[in-house]
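J.: Before anything else, here's the structure in question.
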Amino acid sequence: VHPDFQRRYIATELLEYFFDLSGREPHRGYSLEVRKSNRGAIKMYECFGFICSGIRKEYYSDNGEDALIMWRDSEDMLA
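Numbering-wise, our numbering comes out as the position in the sequence shown, counting from 1, plus 10.
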């Protein structure tokens, strides 16, 4: 989400919409990468049930920053 529009729950709404759409088909879970320094995004993903499952060293080419790999089991796997 562009910085001018952050803190307006746009990312939250997008994630809720994504989970609603993806929940229509069986799957194991969700994974994503996020900059290690992006504390706001990490906190939001944790609120959605994501946990840190690994690190991709020097993942981002612009500054060599590490990425956290985050994972969330699907509702199918939890039931």
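Think of the CB as a built atom: it goes at the ideal place given N, C-alpha and C, for glycine as much as any other residue. Since we're looking at a predicted model, the values are computed, not measured.
Under a three-way DSSP split, which group does E56 fall into?
T.: The count along the sequence shown starts at 1 and reaches residue 56 at position 46. Helix, per DSSP.
J.: For D83, which beta-bridge partners are listed by DSSP?
T.: By 1-based counting over the sequence shown, the position of residue 83 is 73. Per DSSP, G39.
J.: Could you please give me the residues that DSSP links to R45 through a beta bridge?
T.: As a working mapping, residue 45 is identified with position 35 in the sequence shown. R45 is bridged to A77.
J.: Measure the alpha-carbon distance for D14 versus I20 and round it to whole angstroms.
T.: Within the sequence shown, residue 14 is the residue found at index 4, counting from 1. Within the sequence shown, residue 20 is the residue found at index 10, counting from 1. Approximately 11 Å, taken between the alpha carbons.
J.: Under three-state DSSP, which class holds S63?
T.: Locating residue 63 in the sequence shown gives position 53, where the first residue counts as 1. Correct three-state label for S63: strand.
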